[in-house]
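Engineer: FYI, the numbering for the first sequence is 1 to 134, going by this note's numbering.
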Amino acid sequence: MSFTLGKEERIKSRKSIENLFREAKAVRSPALLALYHVPTINTEHRLQAMFTVSKKNFKRAHDRNAIKRYLRECYRLQKNILNDLPGPLHLCFTFTGRQLPEYEYVYKKVGAALLEIDRIMKSTPKDETPSQEK
RNA sequence: AGAGAAAAAUGACUUCAUCGCUCCGGUUAAACGGAGAGGAAAGUCCGGGCUGCAUAGGGCACCGCACCGGGUGAAAAGCCCGGGAGCAAAUUUGAAAGAAUUUGUUACAGAUAGGGCCACAGAAACAAACCGCCUUCGGGCAAGGGUGAAAAGGGGGUGUAAGAGACCACCGCAGUCUUUAGCAAUAAAGCUGGCCAGGUAAACCUUGUGGGCAGUAAGACCAUGUAGACCAAGGAUGUUUGAGCAAUCAAAUUGAAGGGCGGCUCGUCCGGUCUUGGAGGGUAGGUCGCAUAGAUAAAUGAUGAGGCUACUGCAAAGUAGAACAGAACCCGGCUUAUGUUUUUUCUCUGAAC
RNA sequence: UGCCCGAUCGUCUAAUGGCAGGACAGCAGAUUUUGAUUCUGCUUGUAUAGGUUCGAAUCCUGUUCGGGCAA
1 MSFTLGKEER
11 IKSRKSIENL
21 FREAKAVRSP
31 ALLALYHVPT
41 INTEHRLQAM
51 FTVSKKNFKR
61 AHDRNAIKRY
71 LRECYRLQKN
81 ILNDLPGPLH
91 LCFTFTGRQL
101 PEYEYVYKKV
111 GAALLEIDRI
121 MKSTPKDETP
131 SQEK
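1. Near residue 24, what residues of its chain come up, given a Cβ to Cβ distance below 8 angstroms and the 5 sequence neighbours on each side ignored?
2. Alpha carbon to alpha carbon, what distance is there between residue 61 and residue 82?
3. With residue 98 and residue 49 assumed to form a contact (beta carbons below 8 angstroms), what rounded beta-carbon distance in angstroms separates them?
4. Count the other CB atoms within 10 Å of the CB of residue 26; is the residue buried (16 or more) or exposed (fewer)?
5. At 4 residues or longer, and completely inside the stretch 45 to 74: list those alpha helix (DSSP H) runs for me, N to C.
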């Protein structure tokens with residue numbers, strides 16, 4: 001059980017990000033959109049995540065910073081939910097709400113999304129991976 | 001004393017613990033140690049550094065700036081300090097005109113260098129004469145005339161045919177004049193001018209003065225390798241000169257067409273094609289540029305406890321840690337946004353003298 | 001992040017510093033048995049705050065909003 005979230009656990013490569021947005025599947029809920037994707041390249045790190053907030057919904061930079069900090073913190077404390085999964089996984093959390101949220105609200109939303117992803121990945125073990133290598 | 005407005009200063013509240021983030025040091029790897037958002041980081045309105053374009057050159061065009069002295073700065077500027085002038089308000093004084101003081105404010109050169117424009121109204125908008133006044137009927141005059149933002153100093157007297165700075169006193173105005181004070185802008189006094197002449201330069205323009213253009217996505221390096229493009233050498237070509245009627249031959253030259261120097265021009269640099277050799281851009285990205293914070297889908301956060309401050313409450317206690325707002329090459333100025341507290345100025349209300 | 005542009009009726013656009021005009025749309029009326037077409041009339045605007053000027057959509061400055069270029 002580790003609670004770290006260093007540079008290696010975040011997605012920073014431009015190609016990985018483009019791949020993720022092109023091929024990922026989504027788990028939607030009000031005010032939060034979670035994308036997940038099994039990567040085919042650069043698999044040395046098992047679990048990687050990224051966090052975004054739309055500039056359209058939040059004009060001021062300090063609001064976007066605050067929401068991204070909330071998302072990062074909540075993911076850091078709850079990412080051990082996905083520890084049982086075998087393969088590597090890329091994640092992207094996008095906050096789609098219109099108002100500045102409370103910390104508790106974000107915590108619950110991220111936890112629910114992680115549980116949902118865990119459930120889906122376990123129920124469909126290896127049918128998805130070959131098709132994505134194209 | 002209270003309330004309000006403006007300006008200036010202040011500005012993650014502070015300490016500890018736990019879990020974490022970015023960079024640097026350290027280590028085989030850890031442990032560990034150090035640093036880590038703002039007064040505006042914002043707007044991008046001005047500059048400077050830095051980088052490339054030729055080493056950044058001349059002229060024109062274009063774009064700024066404009067009272068005086070000092071400081072900062074390479075410099076016009078900007079900013080700071082002090083002064084001058086104009087404008088506005090208040091107070092005092094005065095019969096009034098005005099004067100003085102205080103406060104605020106000013107994108108403060110030139111309108112006899114030049115042309116342009118001044119709608120409507122009005123006789124007339126810089127031109128004089130429509131009505132008018134006088135007349136010896138040739139003419140003289142600009143006092144009076146509903147306009148307008150603006151109509152060739154003011155009101156009084158002399159004077160006259162009627163009038164007019166035509167003349168006189170006072171006030172106002174102007175001055176490449178003189179003296180005095182001041183480094184200067186300028187001011188005061190005198191003298192001169194009858195007052196030659198509206199406004200607009202934040203329209204063109206003139207004078208003085210400054211500016212080459214682009215921007216870190218600048219720019220440099222590494223990786224991969226087919227065509228094209230690039231560099232070097234050689235051949236050939238071009239130009240000029242000489243010989244020759246001419247074809248052509250010999251010598252000299254790297255010039256010509258064209259292109260670069262992001263508007264034009266001068267100036268300056270490169271120079272068609274083929275062969276051989278070199279070099280290695282994009283398709284694909286990465287590193288540097290890059291910092292006593294320094295990332296690159298972009299770090300400063302979360303939780304708990306104590307203190308402090310504010311608010312609610314008789315108290316116990318509870319709530320909150322604010323407003324504006326998040327570095328992206330660096331630095332200076334300007335502008336705009338802004339909670340609390342403090343200071344200064346002004347306005348209003350109340351109380352006392 | 002850096003560098004640049006622009007803002008006029010509901011929409012598309014004109015306008016030397018001098019009464020903000022046109023088209024479409026909307027509303028009302030006329031024509032028609034009714035509707036469409038057509039005709040007549042009306043309504044609706046210079047993004048915002050200051051300044052220069054006698055006078056500002058226009059000139060100057062600040063702000064707000066929108067858009068473009070550079071991988």
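Even for Gly, the Cβ is constructed at its ideal location relative to N, Cα and C.
Structural biologist: Looking at the coordinates:
1. For the purposes of this step, residue 24 is taken as the residue at position 24 of the first sequence. Non-local C-beta neighbours of residue 24 in its own chain, meaning closer than 8 angstroms and more than five positions away in sequence, comprise 35, 36, 37, 90, 92, ordered along the chain.
2. Start at 1 with the first residue of the first sequence, and residue 82 comes out as number 82. Start at 1 with the first residue of the first sequence, and residue 61 comes out as number 61. Straight-line spacing of the CA atoms in residue 82 and residue 61 works out to 31 angstroms.
3. In the first sequence, the residue the question calls residue 98 occupies position 98. In the first sequence, the residue the question calls residue 49 occupies position 49. Rounded to the nearest angstrom, the Cβ distance from residue 98 to residue 49 is 23 angstroms, too far for a contact under 8 angstroms.
4. Your numbering for residue 26 matches position 26 in the first sequence. By the neighbour-count rule (16 or more Cβ atoms within 10 Å), residue 26 is not buried but exposed.
5. Qualifying alpha helix (DSSP H) stretches: none in this window.
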